[in-house]
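In this note's numbering, the protein residues as written are 329 to 538.
Following: one structure in structure tokens, then a few remarks.
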């Protein structure tokens, strides 16, 4: 009886050992970027087929990703713009644009005041009339002394920055009557921004405290 048990255990172990194959682990393969004689170019890693586009990067919407349609600048935003988008645009503007163009977009940013080439004012007649696609093209590809920001600002965030620029331009000649009556009480009351280098003056109703 004991011999039968030992034989049965041995048979089971033999079956278990023969069932364990590691062909998937030891199959012929090449390490990344290793050389090979199998292909004529001696590269084991094969180049992507021409025209291959990564998932999520097809970008067939020309207006959204190029700012043009048929080679002409678009004059409408290709993505929905709401208040949170303008707030996001303001944040990106203050980070990437204000050093040259200034927080108010007049072209007198801090680096300009320190000797860098004068930046464009968004309130010039040319830029007040420019299509939104023009701004997208400049942000994407650069213009003059301005470098491309395509690697820093995503396409949709570029449109949000442009929306904020449009808001700045609108604010130049804006009147209280432009604001819906039921929204006027929500407007913040703030003093006008001081120019760079200006010294703060006394409060408007401070009086003479000598």
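Where a beta carbon is used, it is the ideal one built from N, C-alpha and C, also for glycine.
No experiment lies behind these values; they were computed from the predicted model shown.
Endpoints, the alpha helix (DSSP H) within which residue i is located
i: residue 454; result: 453-457
i: residue 493; result: 483-500
i: residue 418; result: 411-420
i: residue 377; result: No alpha helix (DSSP H) holds residue 377; DSSP gives it neither H nor E.
i: residue 385; result: Unbroken run through residue 385: none, as it is neither H nor E.
i: residue 425; result: Note, residue 425: premise wrong, no alpha helix (DSSP H); not H, not E.
i: residue 329; result: Taken as a continuous stretch (DSSP letters only), residue 329 belongs to no alpha helix (DSSP H), as it is neither H nor E.
i: residue 441; result: 438-441
Cross-strand partners of residue i (DSSP beta bridge)
i: residue 550; result: The chain is shown only over 329 to 538; residue 550 falls outside these bounds and no answer can be derived.
i: residue 474; result: 471
i: residue 371; result: 363
Cβ neighbour criterion (16 or more within 10 Å) applied to residue i
i: residue 483; result: buried
i: residue 412; result: exposed
i: residue 377; result: exposed
i: residue 517; result: exposed
i: residue 342; result: exposed
i: residue 492; result: buried
i: residue 500; result: exposed
i: residue 406; result: buried
i: residue 418; result: buried
i: residue 366; result: exposed
i: residue 532; result: No answer about residue 532 holds up, because its pLDDT of 46 lies below 50 and its placement is not dependable.
i: residue 536; result: Its pLDDT being 41, under 50, residue 536 is placed unreliably by the model, and the measurement read from it follows with that caveat. Exposed, because fewer than 16 other Cβ atoms sit within 10 Å of the Cβ of residue 536.
Distance between beta carbons of residue j and residue i, contact taken as under 8 Å
i: residue 498; j: residue 507; result: Not quite, the Cβ-Cβ distance comes to about 11 Å (not below 8 Å), so this is no contact.
i: residue 486; j: residue 464; result: 6 Å
i: residue 432; j: residue 496; result: 7 Å
i: residue 448; j: residue 435; result: 6 Å
i: residue 488; j: residue 416; result: 5 Å
query: Quick one: any contact between the stretch 449-459 and the stretch 468-476, if contact means 3 or more CB pairs under 8 Å?
result: Cβ pair count under 8 Å is below three, so no.
query: Three or more C-beta pairs closer than 8 Å, one from the stretch 459-466 and one from the stretch 389-404: is that the case here?
result: Taking a cut-off of 8 Å for Cβ pairs, the stretch 459-466 and the stretch 389-404 touch, as three or more such pairs fall below it.
- request: Check whether the stretch 363-381 touches the stretch 435-443, counting contact only when three or more Cβ pairs, one atom from each stretch, lie closer than 8 Å.
  value: Fewer than three pairs of CB atoms, one per stretch, sit closer than 8 Å, so the stretch 363-381 makes no contact with the stretch 435-443.
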